[in-house]
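Remarks on the structure that follows.
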Amino acid sequence: MIDYHLHSVFSPDSTAKVEDILKKAKEKGIDHIIITDHFEVVKGEHNFKFDVEEYRRTMEKYCLPVGVELGWDGVTDISIDLENFDFVILSLHEFSKPVTQKSYKEYLERILNILTKFDSYHVLGHLDFPRRYSESFEPFSKNLYPILEEIFKLVIEKGKGIEVNTASMLKYGEPNPSYDLLKIYKKLGGEFITIGSDAHRIEDVGQNVEKVAQMLKEIGFGYIGVLKGEWNMLKIGC
Ligand SMILES: [Zn+2]
Ligand SMILES: [Zn+2]
Numbered sequence: 221m222i223d224y225h226l227h228s229v230f231s232p233d234s235t236a237k238v239e240d241i242l243k244k245a246k247e248k249g250i251d252h253i254i255i256t257d258h259f260e261v262v263k264g265e266h267n268f269k270f271d272v273e274e275y276r277r278t279m280e281k282y283c284l285p286v287g288v289e290l291g292w293d294g295v296t297d298i299s300i301d302l303e304n305f306d307f308v309i310l311s312l313h314e315f316s317k318p319v320t321q322k323s324y325k326e327y328l329e330r331i332l333n334i335l336t337k338f339d340s341y342h343v344l345g346h347l348d349f350p351r352r353y354s355e356s357f358e359p360f361s362k363n364l365y366p367i368l369e370e371i372f373k374l375v376i377e378k379g380k381g382i383e384v385n386t387a388s389m390l391k392y393g394e395p396n397p398s399y400d401l402l403k404i405y406k407k408l409g410g411e412f413i414t415i416g417s418d419a420h421r422i423e424d425v426g427q428n429v430e431k432v433a434q435m436l437k438e439i440g441f442g443y444i445g446v447l448k449g450e451w452n453m454l455k456i457g458c
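In terms of the working numbering, the sequence shown opens at residue 221 and continues consecutively.
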């Protein structure tokens, strides 16, 4: 099994040391991991950035691919050379509060706008992310499916993938994106998916990835993307 979304001490909101993440993954039988620390390219001062050289050296020391979760607001100049990374999750962490269907709509419109002008990523991170912060964990309305379809079509056309993020499983029993949204991706011909726990604590490494992989199989996905120098497809259940 894989876990391609993990945060280490290079993210200010994580305390997990790289060697402890590796140890925990091994204990849990997760044989492929990529650490994807936060690098936020957004307006204003913030500390969600790391020293790229030091980060690269650390990942290489542990023979890990060099991953990043690039948070981009779609307008701020990108100050990071993405050629330094083997794996880029593209995420948008900004949304309007209180979280309503209107926030969801605005969030999707921003993502669509970002995807029309940005190509330097491998997978789109936790697509229905604001749902984690909605009071009742309300799913995205069917009225938003046309824009979701546009997003998926762009991802597929450009040869990119979707990240299935299991962190929301403990909150409301579904990953980001939800199973209904993943079915739309599948229906449109989407195949490339990675899976990640988004763990910020050692105990969450690999949390629910196996369970979600089985659900993905049930809704028709046969493979999960694995990076071994180049992208390989790992048969679910093997
Ligand atoms: Zn994120
Ligand atoms: Zn994350």
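No residue lacks a Cβ here, since even glycine has one placed at the ideal position from N, Cα and C. Here the structure is a predicted model, which means the values were calculated and not measured.
Look at the Cβ atom of residue i, then the Cβ atom of residue j, and state whether they are nearer than 9 Å.
i	j	result
Phe270	Val286	no
Leu332	Ile371	yes
Thr419	Leu226	The sequence as given places Ala at residue 419; Thr does not occur at that position. Yes; because the gap between Cβ atoms is below 9 Å, this pair is in contact.
Val308	Tyr224	no
Gly445	Ile404	no
For residue i, which beta-bridge partners are listed by DSSP?
i	result
Met389	Beta-bridge pairing links Met389 to no other residue.
His252	Ile222
Arg452	The sequence given here has Asn at residue 452, not Arg. DSSP lists Val446 as partners of Asn452.
Val343	Ile309, Gly381
Does DSSP classify residue i as helix, strand or coil?
i	result
Phe349	helix
Ala236	coil
Asp306	coil
Phe372	helix
Asn363	helix
Ile382	strand
Leu284	coil
Asn396	strand
Val262	coil
Asp257	strand
Leu436	helix
Leu408	coil
Ile422	helix
Check your understanding: Whose beta carbon lies closer than 5 Å to any heavy atom of ligand 2, going through the chain in order?
Key -> Listed by position in the chain, the residues whose beta carbon lies within less than 5 Å of some heavy atom of ligand 2 are Glu289, Asp418.
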